[in-house]
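K.L.:
If you read the sequence shown in the working numbering, its first letter stands for residue 11, the second for the next number, and so on. Beta carbons are placed, not taken as given, at the ideal position from N, Cα and C, and that holds for glycine. Treat the numbers as computed from the prediction; the structure is a model and nothing was measured. First the structure, then my questions, so here it is.
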Amino acid sequence: MTDTMIAEHPLDRTLRLEPLGVGRYQGATTPDYWNMAGPFGGTTAATLLKAVLDHPERRGRPVALTVNFCAVLAQGEFEVAVRLVRDGRSTQHWNVEMTQGETVASTASVVTGAERETWSHALAGPPQMPPARDLGVMSTEGRNAWLQRYEFRYARGEPMRGAGATPEQPGPALSQAWVRDTPARPLDYLALAALSDTFVVKILNVRGDVPPVATVSLSTYFMADEAALARQGSRPLATTSDARVFKHGFNDQSAELWSDDGQLLAVSHQVVWFKG
(Lines of atoms letter the chains of each structure in order from A and count residues from 1; the text may use other names and numbers.)
(Lines give C-alpha, C1' and ligand atoms only; values in the text may rest on other atoms or scores of the structure.)
Protein backbone atom coordinates (compact mmCIF):
# COMPACT_ATOMS: atom_id res chain seq x y z
CA MET A 1 0.00 0.00 0.00
CA THR A 2 1.25 3.50 -0.80
CA ASP A 3 0.76 6.71 1.13
CA THR A 4 -1.17 8.29 -1.76
CA MET A 5 -4.19 10.12 -0.39
CA ILE A 6 -7.56 9.75 -2.08
CA ALA A 7 -10.11 12.50 -2.73
CA GLU A 8 -12.49 11.39 0.03
CA HIS A 9 -11.31 8.86 2.53
CA PRO A 10 -13.85 6.18 3.56
CA LEU A 11 -13.56 7.42 7.15
CA ASP A 12 -14.55 10.96 6.21
CA ARG A 13 -17.43 9.63 4.15
CA THR A 14 -18.62 7.55 7.10
CA LEU A 15 -18.33 10.47 9.56
CA ARG A 16 -20.14 13.02 7.38
CA LEU A 17 -22.76 14.98 9.36
CA GLU A 18 -25.30 17.46 8.03
CA PRO A 19 -26.42 20.20 10.47
CA LEU A 20 -30.13 20.26 11.34
CA GLY A 21 -29.81 23.18 13.74
CA VAL A 22 -27.48 24.18 16.54
CA GLY A 23 -26.36 21.00 18.26
CA ARG A 24 -28.32 18.67 15.96
CA TYR A 25 -26.91 16.67 13.04
CA GLN A 26 -27.98 13.96 10.63
CA GLY A 27 -25.72 11.19 9.41
CA ALA A 28 -26.06 7.86 7.64
CA THR A 29 -24.35 4.52 7.90
CA THR A 30 -22.03 3.35 5.12
CA PRO A 31 -20.81 -0.16 4.25
CA ASP A 32 -17.15 0.87 4.54
CA TYR A 33 -16.79 0.07 8.26
CA TRP A 34 -19.52 -2.52 8.75
CA ASN A 35 -19.06 -5.03 11.54
CA MET A 36 -20.99 -8.21 12.37
CA ALA A 37 -24.40 -6.63 13.06
CA GLY A 38 -23.85 -2.89 12.69
CA PRO A 39 -21.19 -0.23 12.19
CA PHE A 40 -17.71 -0.61 13.69
CA GLY A 41 -17.79 0.90 17.18
CA GLY A 42 -14.73 3.03 16.46
CA THR A 43 -16.55 4.97 13.76
CA THR A 44 -19.57 5.39 16.03
CA ALA A 45 -17.26 6.88 18.67
CA ALA A 46 -15.63 9.13 16.07
CA THR A 47 -19.03 10.28 14.81
CA LEU A 48 -20.12 11.32 18.30
CA LEU A 49 -16.83 13.13 18.80
CA LYS A 50 -17.18 14.89 15.44
CA ALA A 51 -20.58 16.25 16.47
CA VAL A 52 -18.89 17.98 19.42
CA LEU A 53 -15.97 19.23 17.33
CA ASP A 54 -18.43 20.69 14.79
CA HIS A 55 -20.40 22.54 17.47
CA PRO A 56 -19.90 26.33 17.20
CA GLU A 57 -19.41 26.70 20.99
CA ARG A 58 -16.69 24.09 21.27
CA ARG A 59 -13.35 25.30 22.61
CA GLY A 60 -10.11 23.36 22.90
CA ARG A 61 -9.14 19.88 21.81
CA PRO A 62 -10.59 16.50 22.83
CA VAL A 63 -9.37 15.26 26.21
CA ALA A 64 -11.75 12.39 27.02
CA LEU A 65 -14.44 10.46 25.17
CA THR A 66 -16.69 7.82 26.74
CA VAL A 67 -19.21 6.03 24.54
CA ASN A 68 -21.95 3.69 25.77
CA PHE A 69 -23.30 1.41 23.04
CA CYS A 70 -26.99 1.03 23.87
CA ALA A 71 -28.45 -0.68 20.79
CA VAL A 72 -27.42 -1.91 17.36
CA LEU A 73 -27.47 0.85 14.76
CA ALA A 74 -29.33 -0.37 11.66
CA GLN A 75 -28.42 0.59 8.12
CA GLY A 76 -29.75 4.03 7.23
CA GLU A 77 -29.99 7.53 8.64
CA PHE A 78 -29.53 8.58 12.25
CA GLU A 79 -29.48 11.82 14.26
CA VAL A 80 -26.95 13.12 16.76
CA ALA A 81 -27.79 15.69 19.43
CA VAL A 82 -25.11 17.57 21.37
CA ARG A 83 -25.55 19.52 24.62
CA LEU A 84 -22.95 21.61 26.44
CA VAL A 85 -23.31 20.59 30.09
CA ARG A 86 -20.62 22.73 31.68
CA ASP A 87 -18.44 25.47 30.20
CA GLY A 88 -15.49 26.04 32.52
CA ARG A 89 -12.33 28.04 32.11
CA SER A 90 -10.15 24.97 31.55
CA THR A 91 -12.60 22.35 30.26
CA GLN A 92 -15.95 21.94 28.56
CA HIS A 93 -18.22 18.98 29.29
CA TRP A 94 -20.59 17.68 26.62
CA ASN A 95 -23.38 15.11 26.42
CA VAL A 96 -24.06 13.46 23.06
CA GLU A 97 -26.86 11.13 21.98
CA MET A 98 -27.24 9.16 18.74
CA THR A 99 -30.79 8.12 17.89
CA GLN A 100 -32.44 6.18 15.10
CA GLY A 101 -36.16 6.76 15.16
CA GLU A 102 -37.27 6.25 18.76
CA THR A 103 -34.23 4.13 19.61
CA VAL A 104 -31.24 5.54 21.47
CA ALA A 105 -28.35 3.73 19.79
CA SER A 106 -25.42 5.33 21.67
CA THR A 107 -24.68 7.99 24.24
CA ALA A 108 -21.40 9.73 24.97
CA SER A 109 -19.73 12.19 27.26
CA VAL A 110 -16.90 14.32 25.87
CA VAL A 111 -14.44 16.61 27.62
CA THR A 112 -12.56 19.23 25.64
CA GLY A 113 -9.78 21.36 27.04
CA ALA A 114 -7.40 24.13 26.10
CA GLU A 115 -3.86 23.21 25.09
CA ARG A 116 -1.28 24.77 27.39
CA GLU A 117 2.34 24.17 28.29
CA THR A 118 2.77 22.65 31.77
CA TRP A 119 5.14 20.40 33.67
CA SER A 120 5.23 16.95 32.08
CA HIS A 121 6.67 13.57 32.95
CA ALA A 122 6.32 10.26 31.08
CA LEU A 123 6.48 7.04 33.11
CA ALA A 124 5.49 4.59 30.37
CA GLY A 125 7.32 3.70 27.17
CA PRO A 126 6.18 2.42 23.78
CA PRO A 127 6.04 -1.32 23.04
CA GLN A 128 9.37 -2.79 21.97
CA MET A 129 8.88 -4.45 18.61
CA PRO A 130 10.48 -4.58 15.15
CA PRO A 131 9.87 -1.71 12.71
CA ALA A 132 6.61 -1.91 10.79
CA ARG A 133 8.44 -2.57 7.52
CA ASP A 134 9.92 -5.77 8.96
CA LEU A 135 6.54 -7.29 9.84
CA GLY A 136 4.00 -8.85 7.51
CA VAL A 137 0.52 -7.40 7.03
CA MET A 138 -2.29 -9.43 8.59
CA SER A 139 -4.70 -10.71 5.96
CA THR A 140 -8.22 -9.29 6.27
CA GLU A 141 -9.59 -10.83 3.09
CA GLY A 142 -13.12 -12.12 3.57
CA ARG A 143 -13.43 -10.61 7.04
CA ASN A 144 -15.72 -7.82 8.29
CA ALA A 145 -15.48 -4.63 6.23
CA TRP A 146 -14.06 -2.50 9.04
CA LEU A 147 -11.01 -4.75 9.37
CA GLN A 148 -10.22 -4.10 5.72
CA ARG A 149 -10.05 -0.35 6.48
CA TYR A 150 -6.92 -0.86 8.58
CA GLU A 151 -3.43 -2.25 8.08
CA PHE A 152 -2.29 -4.49 10.94
CA ARG A 153 1.31 -5.63 11.38
CA TYR A 154 1.48 -7.83 14.47
CA ALA A 155 4.68 -8.37 16.41
CA ARG A 156 2.89 -10.37 19.09
CA GLY A 157 -0.57 -11.81 19.74
CA GLU A 158 -2.14 -11.77 16.29
CA PRO A 159 -5.79 -12.75 16.86
CA MET A 160 -6.61 -15.92 14.97
CA ARG A 161 -8.70 -19.01 15.32
CA GLY A 162 -6.98 -22.32 15.75
CA ALA A 163 -3.88 -20.81 17.38
CA GLY A 164 -4.00 -23.30 20.26
CA ALA A 165 -5.96 -21.42 22.93
CA THR A 166 -9.07 -23.13 24.33
CA PRO A 167 -11.51 -22.43 27.19
CA GLU A 168 -9.77 -25.20 29.13
CA GLN A 169 -6.25 -23.91 28.36
CA PRO A 170 -6.57 -20.15 27.79
CA GLY A 171 -3.87 -18.22 25.97
CA PRO A 172 -2.39 -14.77 26.70
CA ALA A 173 -4.34 -11.62 25.83
CA LEU A 174 -1.40 -9.31 25.13
CA SER A 175 -1.01 -8.00 21.57
CA GLN A 176 1.52 -5.63 20.05
CA ALA A 177 1.06 -4.28 16.53
CA TRP A 178 1.61 -1.44 14.12
CA VAL A 179 -1.76 -0.10 12.90
CA ARG A 180 -2.84 2.57 10.46
CA ASP A 181 -5.75 3.56 8.24
CA THR A 182 -6.03 2.10 4.78
CA PRO A 183 -6.11 3.89 2.44
CA ALA A 184 -3.57 6.07 4.22
CA ARG A 185 -4.97 9.14 5.99
CA PRO A 186 -3.23 11.86 8.05
CA LEU A 187 -3.87 11.31 11.74
CA ASP A 188 -6.35 13.58 13.53
CA TYR A 189 -8.53 13.20 16.61
CA LEU A 190 -11.34 11.55 14.68
CA ALA A 191 -9.06 8.90 13.21
CA LEU A 192 -7.42 8.43 16.61
CA ALA A 193 -10.82 7.88 18.23
CA ALA A 194 -11.62 5.18 15.69
CA LEU A 195 -8.17 3.60 15.93
CA SER A 196 -8.68 3.29 19.69
CA ASP A 197 -11.26 0.58 19.01
CA THR A 198 -9.29 -1.44 16.43
CA PHE A 199 -8.16 -4.05 18.96
CA VAL A 200 -9.92 -7.31 18.13
CA VAL A 201 -11.95 -8.68 21.05
CA LYS A 202 -9.55 -10.37 23.43
CA ILE A 203 -11.63 -13.50 23.89
CA LEU A 204 -10.31 -14.64 20.50
CA ASN A 205 -6.74 -14.50 21.80
CA VAL A 206 -7.58 -16.03 25.17
CA ARG A 207 -10.16 -18.67 24.23
CA GLY A 208 -9.52 -19.22 20.52
CA ASP A 209 -13.09 -18.53 19.41
CA VAL A 210 -15.58 -15.66 19.22
CA PRO A 211 -18.99 -16.20 20.85
CA PRO A 212 -21.66 -13.49 20.48
CA VAL A 213 -19.80 -10.42 21.74
CA ALA A 214 -20.24 -6.64 21.87
CA THR A 215 -18.50 -3.64 23.38
CA VAL A 216 -20.69 -2.09 26.08
CA SER A 217 -18.65 0.99 26.96
CA LEU A 218 -15.46 2.50 25.50
CA SER A 219 -13.40 5.33 26.98
CA THR A 220 -10.54 7.02 25.14
CA TYR A 221 -8.20 9.59 26.69
CA PHE A 222 -6.32 11.79 24.24
CA MET A 223 -2.79 12.67 25.34
CA ALA A 224 -1.65 14.06 21.98
CA ASP A 225 -1.71 17.70 21.00
CA GLU A 226 -2.27 18.89 17.44
CA ALA A 227 1.46 19.12 16.77
CA ALA A 228 2.01 15.47 17.70
CA LEU A 229 -0.75 14.36 15.35
CA ALA A 230 0.68 16.46 12.53
CA ARG A 231 4.16 14.96 13.06
CA GLN A 232 2.75 11.44 12.87
CA GLY A 233 1.01 12.02 9.55
CA SER A 234 -0.18 8.77 7.97
CA ARG A 235 2.57 6.51 9.35
CA PRO A 236 1.61 3.44 11.44
CA LEU A 237 1.00 3.75 15.18
CA ALA A 238 2.70 1.44 17.67
CA THR A 239 -0.02 -0.19 19.77
CA THR A 240 -0.31 -2.56 22.67
CA SER A 241 -3.49 -4.06 24.11
CA ASP A 242 -4.32 -6.47 26.91
CA ALA A 243 -7.10 -7.81 29.15
CA ARG A 244 -7.15 -8.62 32.86
CA VAL A 245 -10.26 -10.67 33.62
CA PHE A 246 -13.19 -12.50 31.99
CA LYS A 247 -16.04 -12.94 34.46
CA HIS A 248 -19.86 -13.02 34.58
CA GLY A 249 -20.09 -12.49 30.83
CA PHE A 250 -17.90 -9.37 30.73
CA ASN A 251 -14.23 -8.63 30.24
CA ASP A 252 -12.04 -5.57 30.36
CA GLN A 253 -9.74 -4.50 27.52
CA SER A 254 -7.12 -1.75 27.61
CA ALA A 255 -4.83 -0.30 24.96
CA GLU A 256 -2.15 2.28 24.31
CA LEU A 257 -1.48 4.05 20.99
CA TRP A 258 1.97 5.52 20.41
CA SER A 259 3.53 7.59 17.65
CA ASP A 260 6.45 6.06 15.83
CA ASP A 261 8.76 8.54 17.59
CA GLY A 262 7.71 7.30 21.04
CA GLN A 263 4.98 9.75 22.09
CA LEU A 264 1.89 8.40 23.85
CA LEU A 265 -1.05 9.63 21.76
CA ALA A 266 -4.03 7.95 23.46
CA VAL A 267 -5.09 5.27 25.91
CA SER A 268 -8.37 3.39 25.80
CA HIS A 269 -10.34 1.15 28.12
CA GLN A 270 -13.47 -0.81 27.31
CA VAL A 271 -15.89 -3.30 28.81
CA VAL A 272 -16.97 -6.12 26.51
CA TRP A 273 -20.02 -8.38 26.89
CA PHE A 274 -19.75 -11.99 25.73
CA LYS A 275 -22.14 -14.93 25.74
CA GLY A 276 -21.16 -18.25 27.24
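Do V73 and Y231 count as a contact pair if the criterion is CB distance below 9 angstroms?
P.N.:
Here residue 231 is taken as the residue at index 221 of the sequence shown, counted from 1. Here residue 73 is taken as the residue at index 63 of the sequence shown, counted from 1. A contact, by the Cβ cut-off of 9 angstroms.
K.L.:
Out of C80, R69 and V106, which has the shortest C-alpha to C-alpha gap to R34?
P.N.:
By 1-based counting over the sequence shown, the position of residue 34 is 24. Looking at the Cα atoms, V106 is the closest of the given residues.
K.L.:
Note down, in chain order, each residue of its chain lying with its Cβ closer than 8 angstroms to the Cβ of P20, except the 5 sequence neighbours on either side.
P.N.:
Within the sequence shown, numbered from 1, the residue matching residue 20 stands at position 10. Contacts found: T40, D42, Y43, R159 and P193.
K.L.:
Give me the Cα-Cα distance between A115 and A132, rounded to the nearest whole angstrom.
P.N.:
On the sequence shown, residue 115 is found 105 positions in, with the first residue counted as 1. On the sequence shown, residue 132 is found 122 positions in, with the first residue counted as 1. Their Cα atoms are separated by approximately 37 angstroms.
K.L.:
What are the boundary residues of the alpha helix (DSSP H) that includes E168?
P.N.:
For this step, residue 168 is matched to residue 158 along the sequence shown. Run containing E168: none; DSSP gives neither H nor E here.
K.L.:
Quick one, which of G98, E67 and M108 has its alpha-carbon nearest L83's?
P.N.:
By 1-based counting over the sequence shown, the position of residue 83 is 73. Checked all of G98, E67 and M108; the closest Cα to L83 is M108.
K.L.:
Is it right to say F260 is buried, meaning 16 or more other beta carbons lie within 10 angstroms of its own, or is it exposed?
P.N.:
Looking up residue 260 in the sequence shown gives position 250. Under this definition F260 is an exposed residue.
K.L.:
Examine the Cβ distances between the region 270-283 and the region 194-214 and report whether three or more of them are shorter than 8 angstroms.
P.N.:
Yes, the region 270-283 is in contact with the region 194-214.
K.L.:
Since I believe A187 is in contact with A215 (beta carbons under 8 angstroms), could you give me their beta-carbon distance rounded to a whole number of angstroms?
P.N.:
Within the sequence shown, the letter at position 205 stands for residue 215. Within the sequence shown, the letter at position 177 stands for residue 187. The question names Ala, but residue 215 in the sequence shown is Asn. About 12 angstroms separates the two Cβ atoms, so there is no contact after all.
K.L.:
Apart from the five residues on each side of it in sequence, which residues of its chain come closer than 8 angstroms, Cβ to Cβ, to T14?
P.N.:
Stepping through the sequence shown from its first residue, residue 14 is reached at position 4. No answer about T14 holds up, because its pLDDT of 46 lies below 50 and its placement is not dependable.
K.L.:
Just to confirm, are G123 and S100 a CB contact at a threshold of 9 angstroms?
P.N.:
Position 113 of the sequence shown, counted from the first residue, corresponds to residue 123. Position 90 of the sequence shown, counted from the first residue, corresponds to residue 100. Result yes, Cβ atoms of G123 and S100 sit closer than 9 angstroms.
K.L.:
Starting from G86, trace the alpha helix (DSSP H) both ways and give me its first and last residue.
P.N.:
Position 76 of the sequence shown, counting from 1, holds the residue named residue 86. Per DSSP, G86 belongs to no alpha helix (DSSP H) and is neither H nor E.
K.L.:
Per DSSP, what are the beta-bridge partners of N261 in this structure?
P.N.:
Translated into positions along the sequence shown, residue 261 becomes position 251. Looking at the DSSP assignment, N261 forms a beta bridge with F256 and V282.
K.L.:
Going by DSSP in three states, D13 sits in which element: helix, strand or coil?
P.N.:
For the purposes of this step, residue 13 is taken as residue 3 along the sequence shown, with counting starting at 1. Low confidence applies here, because D13 scores a pLDDT of 45, under 50, leaving its location unreliable; read the following figure in that light. Looking at D13 - three-state DSSP - the assignment turns out to be coil, as it is neither helix nor strand.
K.L.:
Smallest Cα separation from G181: which of A238, V255, S269 and V189?
P.N.:
If you number the sequence shown from 1, residue 181 lands on position 171. Minimum Cα distance to G181 is reached at V255.
K.L.:
Run through DSSP, which three-state label would Q105 get?
P.N.:
Counting from one through the sequence shown, the residue named residue 105 turns up at place 95. In the sequence as displayed, the identity of residue 105 is Asn instead of Gln. N105 falls in the strand class under three-state DSSP.
K.L.:
How many angstroms separate the CA atom of P196 from the CA atom of A237?
P.N.:
For this step, residue 196 is matched to residue 186 along the sequence shown. For this step, residue 237 is matched to residue 227 along the sequence shown. Answer to the nearest angstrom: the Cα atoms are 12 angstroms apart.
K.L.:
Candidates T150, Q110 and G167: which alpha carbon is nearest E161's?
P.N.:
If you number the sequence shown from 1, residue 161 lands on position 151. It is T150.
K.L.:
Ignore the nearest five residues each way along the sequence and tell me which others in G272's own chain have a CB closer than 6 angstroms to its CB.
P.N.:
Counting from 1 along the sequence shown, the entry for residue 272 is found at position 262. So the list reads P136, once near-sequence residues are dropped.
K.L.:
Quick one: is A253 buried, meaning 16 or more other Cβ sit within 10 Å of its Cβ, or exposed?
P.N.:
Position 243 of the sequence shown, counted from the start, is the residue given in the question as residue 253. Counting Cβ neighbours within 10 Å, A253 comes out buried, since at least 16 surround it.
K.L.:
Given a cut-off of 9 angstroms, decide if G286 and P222 are closer than it, judged by their beta-carbon atoms.
P.N.:
The residue labelled residue 222 in the question sits at position 212 within the sequence shown. The residue labelled residue 286 in the question sits at position 276 within the sequence shown. Against a cut-off of 9 angstroms, the Cβ pair of G286 and P222 comes out as a contact.
K.L.:
Can you name, in chain order, every residue of its own chain whose Cβ lies under 6 angstroms from the Cβ of H81, other than the five neighbours on each side?
P.N.:
On the sequence shown, residue 81 is found 71 positions in, with the first residue counted as 1. The sequence given here places Ala at residue 81; His does not occur at that position. The answer, listed in chain order, is T113 and A115.
K.L.:
Does the distance from the C-beta atom of V90 to that of T53 stay below 9 angstroms?
P.N.:
As a first step, residue 90 must be located in the sequence shown, where it is residue number 80. As a first step, residue 53 must be located in the sequence shown, where it is residue number 43. No. Outside cutoff.
K.L.:
What's the C-alpha gap between D270 and L247?
P.N.:
What you label residue 270 is simply residue 260 of the sequence shown in a count that begins at 1. What you label residue 247 is simply residue 237 of the sequence shown in a count that begins at 1. Roughly 6 angstroms between the two C-alpha positions.
K.L.:
With a threshold of 7 angstroms on Cβ separation, who are the neighbours of V210 within its own chain once the five nearest residues in sequence on each side are excluded?
P.N.:
Here residue 210 corresponds to residue number 200 of the sequence shown, with the count starting at 1. Within the same chain, V210 has close Cβ partners P169.
K.L.:
Taking a contact to mean a Cβ-Cβ separation below 9 angstroms, would you say L75 touches L94 in this structure?
P.N.:
Within the sequence shown, numbered from 1, the residue matching residue 75 stands at position 65. Within the sequence shown, numbered from 1, the residue matching residue 94 stands at position 84. Going by C-beta atoms, L75 is not nearer than 9 angstroms to L94.
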